[in-house]
Every structure is written in C-alpha cells, then in structure tokens.
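Here the structure is laid out as structure tokens; the discussion comes afterwards.
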Amino acid sequence: LAKTTQPISMDSYEGQEVNITCSHNNIATNDYITWYQQFPSQGPRFIIQGYKTKVTNEVASLFIPADRKSSTLSLPRVSLSDTAVYYCLVVGGSQGNLIFGKGTKLSVKP
Amino acid sequence: GAVVSQHPSRVICKSGTSVKIECRSLDFQATTMFWYRQFPKKSLMLMATSNEGSKATYEQGVEKDKFLINHASLTLSTLTVTSAHPEDSSFYICSAIPGQGSNEQFFGPGTRLTVL
Chain A
1 LAKTTQPISM
11 DSYEGQEVNI
21 TCSHNNIATN
31 DYITWYQQFP
41 SQGPRFIIQG
51 YKTKVTNEVA
61 SLFIPADRKS
71 STLSLPRVSL
81 SDTAVYYCLV
91 VGGSQGNLIF
101 GKGTKLSVKP
Chain L
1 GAVVSQHPSR
11 VICKSGTSVK
21 IECRSLDFQA
31 TTMFWYRQFP
41 KKSLMLMATS
51 NEGSKATYEQ
61 GVEKDKFLIN
71 HASLTLSTLT
81 VTSAHPEDSS
91 FYICSAIPGQ
101 GSNEQFFGPG
111 TRLTVL
C-alpha cells in the first residue's frame, strides 16, 4: 500500500477556501485516492475519491495531477463545522485494507 | 449512503472482564468488515479484517486470543476484548464494504472502551 504524507495541521478562517495536499509517490496503477473526514469521537466519513484529473461533489473537489504522485483536497468556503481531521488514503482497486496516516488537523476560526 | 452501527457506543468495565462490541451493516450486506483502534490524538490503526464465515485476519502485533472476532452473518461482526486491562482503553471503530467490486468503506460511529 502506498504511503501518504500530508501536513500535520492547518489553520483557516470561515469563508476561505482550504487546500490540503497529500503526497503518495509510490502509488500503483490500480490505486485510487480517497479522503476521509473525522470529528472527535466519531468514525471517519467518506468525502471524495478519485483516480486522475479532477473530481467534484457537493462537499469538495479533488485535484490529481497527471503523474498521480500527489493530490489536493479543496474545501470551498469552510465553516466552523469543517474543523476536523482529514485523512488522505491510497486504496487498491479491489477491496482492501485502509492504512490511515496521521491526517491533517484542520482548525477553522471565526 | 450505507449505514454502519456499533453497540454499545461507550462502555466502562473492570479490569479482567470481557467486553463485546457489535458492528452491524444496517442496509447492506458486508462480506468483509474491518476493526480499527484509535488512541487519543492518534490515527486509526487496523486491528483485523473480519470475513463472513471464516477466521479473521489479524494485523501484526494484534493478539487474536485477546481480541476475538466473529462474523457470523453478512450484517454482523463482533469484537470481544477478553480479560480487558486499562491499556486496552481506546476508541474501537468498525467499517464495512457494501458488496463486491467496491472499495468504499463505511465506518461505524465507534465504541469508547474504558477499563478501570
């Protein structure tokens, strides 16, 4: 499983766009990039998944360059409720274990 | 989306007792469920993979005789912490994958175990 590296923490203010970048240099051809959000004392919640280029849903966008060695989660106009830990994971094409890194603790301030 | 529940949400027990945690997939069948453990301010650590109808696969360093996993049906997996000790106090989270060909995992809300 490809190892991921992401910043330990980030600070932002309400209404700003937040971009969290994750590096995964040894990603395999059949791997997908998946992001989860976790609030304290809760299970992780799926945010978005992508393979290449750009994926967008109602919550976030995911940008993946052509070499797929990194990815950027973009949260538009964050609010206080977006304060959480965000995990970037590389997942194999078939069912597989999820290996969580340390995640990025995002703190949104008023 | 798919819903995974856990019971109980929190439990306090005395040292030496056993505690059972249930993980249920409410609106889908899951041939595979996963059990994670998370200590305060740490990331999730995979403990074992629970397969319906077969023995669980444990990660290195996780004692299979201490953390008993049973996946008797397609909607239920249980984790029993046997002879619990204070160092087993942690947040236990399960996840499930709804069906073949999908790699999206849905997580339960977690169970907070405190061993006195």
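Quick mapping for you: the protein sequence lines, in order, are chains A and L.
Just so we're aligned, residue 1 is where the first sequence starts under the working numbering, counting upward by one.
Just so we're aligned, residue 1 is where the second sequence starts under the working numbering, counting upward by one.
Just so you know, even glycine gets a beta-carbon here, dropped at the ideal spot from N, CA and C.
Note that this is a predicted model, so its numbers are computed, not measured.
Exercise for the section: Leaving aside the five residues before and after A60 of chain A along the sequence, list all residues of the same chain whose C-beta is less than 8 Å from its C-beta, in chain order. Expected result: A distance below 8 Å between beta-carbons, with the five flanking residues on each side excluded, links A60 of chain A to the following residues of its chain, in chain order: W35, I47, I48, L73, S74, L75 and P76.
Exercise for the section: Note the first and the last residue of the continuous beta strand (DSSP E) segment covering F67 of chain L. Expected result: Unbroken beta strand (DSSP E) run through F67 of chain L: F67 to S73.
Practice task
Go ahead and label L26 of chain L buried or exposed: buried means 16 or more other beta carbons lie within 10 angstroms of its beta carbon, across all protein chains shown.
Solution key: Burial call: exposed.
Handout entry: Beta-carbon proximity of G108 of chain L to I97 of chain L, cut-off 8 Å
Key = With respect to I97 of chain L, G108 of chain L sits apart: the two C-beta atoms are not nearer than 8 Å.
Exercise for the section: Can you tell me which of the three DSSP states S25 of chain L falls into? Expected result: In the displayed model, S25 of chain L falls within a strand according to three-state DSSP.
Exercise for the section: Tell me where the beta strand (DSSP E) around K109 of chain A begins and ends. Expected result: Boundaries of the beta strand (DSSP E) around K109 of chain A: T104 to K109.
Practice task
Identify, in the order they occur along the chain, each residue of the same chain with its Cβ nearer than 8 Å to the Cβ of P86 of chain L, setting aside the five sequence neighbours on each side.
Solution key: Cβ within range, chain order: S15, V115 and L116.
Practice task
Have a look at L:S89, L:F67, L:D88 and L:L79 and flag the residue whose alpha-carbon is nearest the alpha-carbon of H7 of chain L.
Solution key: With distances taken between CA atoms, H7 of chain L lies nearest to L:L79 out of L:S89, L:F67, L:D88 and L:L79.
Exercise for the section: Determine the chain L residues that contact Q16 of chain A at a beta-carbon separation under 9 Å, and present them in chain order. Expected result: Identification of chain L residues near Q16 of chain A by a Cβ-Cβ cut-off of 9 Å yields none; the smallest Cβ-Cβ distance measures about 25 Å.
Exercise for the section: Along the beta strand (DSSP E) that carries Y51 of chain A, what are the first and last residues, could you check? Expected result: Annotation: Y51 of chain A is outside any beta strand (DSSP E) and is labelled neither H nor E by DSSP.
Handout entry: T80 of chain L CB to nearest heavy atom of the ligand ATP below 7 Å
Key = The ligand ATP is absent from the structure shown, which contains no ligand whatsoever.
Exercise for the section: Could you tell me the boundaries of the beta strand (DSSP E) in which Q6 of chain L lies? Expected result: V4 to H7 is the span of the beta strand (DSSP E), which, as asked, contains Q6 of chain L.
Exercise for the section: Using a Cβ cut-off of 8 Å (strictly closer), state whether P109 of chain L contacts chain A. Expected result: Chain A, which has a Cβ nearer than 8 Å to the Cβ of P109 of chain L, makes this yes.
Handout entry: Own chain, CB closer than 6 Å to F34 of chain L, minus 5 neighbours either side, in chain order
Key = The residues are T49 and S95.
Problem - Short CB-CB distance (under 8 Å) between I69 of chain L and chain A - result: For I69 of chain L, the answer is no, since every Cβ of chain A falls outside 8 Å of its Cβ.
Handout entry: CB contact below 8 Å: E52 of chain L versus chain A
Key = E52 of chain L does not count as touching chain A.
Problem - Opening and closing residue of the beta strand (DSSP E) in which I93 of chain L lies - result: Run containing I93 of chain L: S90 to A96, per the beta strand (DSSP E) assignment.
Practice task
For S89 of chain L, go through chain A and note every residue whose CB falls closer than 7 Å to its CB, in chain order.
Solution key: Ordered by position in chain A, no residue passes the 7 Å Cβ test against S89 of chain L, which lies about 14 Å from the chain.
Exercise for the section: With 8 Å as the C-beta to C-beta threshold (strictly closer), list the residues of the segment 41 to 56 of chain A near chain L in chain order. Expected result: So the close ones are S41, Q42, G43, P44, R45, F46 and Q49.
Practice task
Tell me whether the beta-carbon of S23 of chain A lies closer than 8 Å to the beta-carbon of K52 of chain A.
Solution key: Not in contact: S23 of chain A and K52 of chain A (Cβ atoms no closer than 8 Å).
Exercise for the section: Measure the CB-CB distance between D11 of chain A and S107 of chain A and report whether it falls below 8 Å. Expected result: Taking 8 Å as the Cβ cut-off, D11 of chain A and S107 of chain A qualify as a contacting pair.
Handout entry: Three-way DSSP call (helix, strand, coil) for S81 of chain A in this model
Key = Helix, per DSSP.
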